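This report refers to the structure that appears directly beneath it.
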Amino acid sequence: MSREFDEEEWKLIFQELEENPLRYGFPNRVQGSALIGSFNIRKLGSAANRSVNTWKFLGLICNCFDLLAIQEALDNMDGINRLKEEVGDDWKIISSDKTGTYPGDSGVGERLVFFYRSSTVERGEVVSDITYDRSKVTEILFENLDEINEAKAKYDADMEDYTTGKRKTKPSLNPPTFLSFIRSPYCASFKVKGNNPAYVPYTFMAINAHLIYGTTKDRWREFEALMNWIRNRVVQREKTYYPSFMLLGDLNLDYDDPAKDYSKMEQYMKNINVDTPDEVHVNFPFLDVHPKQTEHFTSNVKLTQRYDQIGLFFRDDDGVGKGFPTHSENKLMGTDDGVGHDYGVFNFTELFSKALTKKSFKELSKDEGRKFVRKYEHEVSDHMPLWIRLKFIETSNKRKFEEVN
């Protein structure tokens, strides 16, 4: 089996997608709603590293959205610019600088990028990385100094064994507490207004994040640190540029077994609300089973993991009937014939399998599935795009809603 799709295979893929887009969760643009997505496009760097058909396929995906957060764009922006050529002049780009490696040090850093449709989305004035400032880091260091000293002593002993030949592998120094993000999340303000001046726009701070892929403890430390930062910022409503936040990205959540892991996540969500005012809502729709599905969405191409997430943080005045969906509304998502709030994953693994093998991917043997995925996990990506649809309300309907409530 060849390592990439050939011309004939791509022809079959495009044909199947055109005939049955909704079967695979391809995000459908619907009048009266906005589509916002997140997509980790593996090592999006040199434009020469992907075929013409792959760029066409990625362009079809991107063109569905009003706003799209992209992770794993490399320092070389040729791939980003090539993707922009594919989607056309209506699209604008805003990108972070390289994060994840210090300038001059070895390692592969990456950019966090927003694509947005300029005819339906306006970028606001605030754009920033998210970091913990020096005073906060110092506070964390002093609170965990004993544990840090113990970790350093163990590292020194392991390094001594390594240099004297008693240990074969070079040890790594892993702090026992959160100090900083492995890649600084990237935050930008947006007004999603749609194409009708009567629509009430969605205004929010979008956070694009690619959190650490490490031990379970490492993952949870970064996730909790980011959650606390966003939650505390939403509480400061009078001081924020826009009071609502949307988290989009590859969070590397250790959530591959929902039956086992959901209770932990549910308890965490309850705990984070203890010191949060009642009017502040936190909603991660993809942590629930979609009303039209029988199991949780997966977002990696092997259909085994749920690393990617979309999280909504907002106050009560952006609640039911006025803006972001609350957690209680998740059970109604996608039940109103595609015109209301909804969320999903574009499962292009299933698309590729149906188009080329005439079987569902889950019907393939483990060996067949492993070989099949090799054909596109680098060429296309090893992650699949997530999307959320937000229904607009019109100004006249908003007045009626406020009068009733």
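Just so we're aligned, residue 61 is where the sequence shown starts under this note's numbering, counting upward by one. Beta carbons are placed, not taken as given, at the ideal position from N, Cα and C, and that holds for glycine. All of these numbers come straight from a predicted model, not from anything done at the bench.
Where does residue i land, buried or exposed, given buried means 16+ other C-beta within 10 angstroms?
i      : result
Ala248 : buried
Tyr162 : exposed
Gly167 : exposed
Phe412 : buried
Leu205 : exposed
Phe65  : buried
Gly254 : buried
Phe202 : exposed
Lys414 : buried
Arg83  : exposed
Ala371 : According to the sequence shown, residue 371 is Gly rather than Ala. It is buried - the Cβ of Gly371 has at least 16 other Cβ atoms within 10 Å.
Gly164 : exposed
Glu67  : exposed
Val252 : buried
Val112 : exposed
Ala213 : exposed
Asn292 : exposed
Would residue i and residue j qualify as a contact pair, given that the criterion is a beta-carbon distance under 8 Å?
i      : j      : result
His350 : Met393 : yes
Val361 : His270 : no
Phe452 : Val147 : no
Ser178 : Asp135 : no
Pro245 : Ile190 : yes
Tyr262 : Leu416 : no
Arg171 : Asp157 : yes
Ser101 : Leu118 : Reading the sequence as shown, one finds Ile at residue 101 and not Ser. The answer is yes: Cβ separation under 8 Å.
Phe305 : Val295 : no
Gly309 : Ser155 : no
Ser318 : His356 : It should be noted that the sequence gives Pro, not Ser, for residue 318. The answer is yes: Cβ separation under 8 Å.
Glu339 : Arg375 : yes
Thr159 : Arg243 : yes
Val342 : Met325 : no
Phe439 : Arg110 : One point to set straight first is that residue 439 is Glu, not Phe, in the sequence displayed. In contact: Glu439 and Arg110 (Cβ atoms closer than 8 Å).
Ala217 : Asn234 : no
Taking the alpha-carbon positions, what's the residue i to residue j distance?
i      : j      : result
Lys152 : Phe175 : 6 Å
Asp314 : Pro303 : 29 Å
Tyr436 : Arg63  : 8 Å
Ile121 : Phe86  : 8 Å
Ala258 : Phe264 : 19 Å
Asn209 : Leu446 : 41 Å
Ile290 : Gly225 : 46 Å
Arg89  : Ile448 : 11 Å
Gly169 : Gly105 : 11 Å
Glu182 : Tyr301 : 14 Å
Lys228 : Glu185 : 52 Å
Asn256 : Phe125 : 16 Å
Lys196 : Thr276 : 23 Å
Ser420 : Thr395 : 25 Å
My guess is that residue i and residue j are in contact by the Cβ rule of under 8 Å, so how many angstroms apart are they, rounded?
i      : j      : result
Tyr322 : Leu347 : 7 Å
Glu282 : Phe241 : 6 Å
Val405 : Ser441 : Contact doesn't hold; Cβ gap of about 13 Å is too wide.
Leu127 : Phe250 : 6 Å
Tyr215 : Pro231 : 6 Å
Leu424 : Gln369 : Contact doesn't hold; Cβ gap of about 27 Å is too wide.
Would you call the stretch 398-409 in contact with the stretch 79-94, where contact means no fewer than 3 C-beta pairs closer than 8 Å? yes
Quick test of the definition: if touching needs 3 or more C-beta pairs under 8 Å, does the stretch 128-135 touch the stretch 266-282? yes
So does the stretch 218-227 actually touch the stretch 136-146, counting three or more Cβ pairs closer than 8 Å? no
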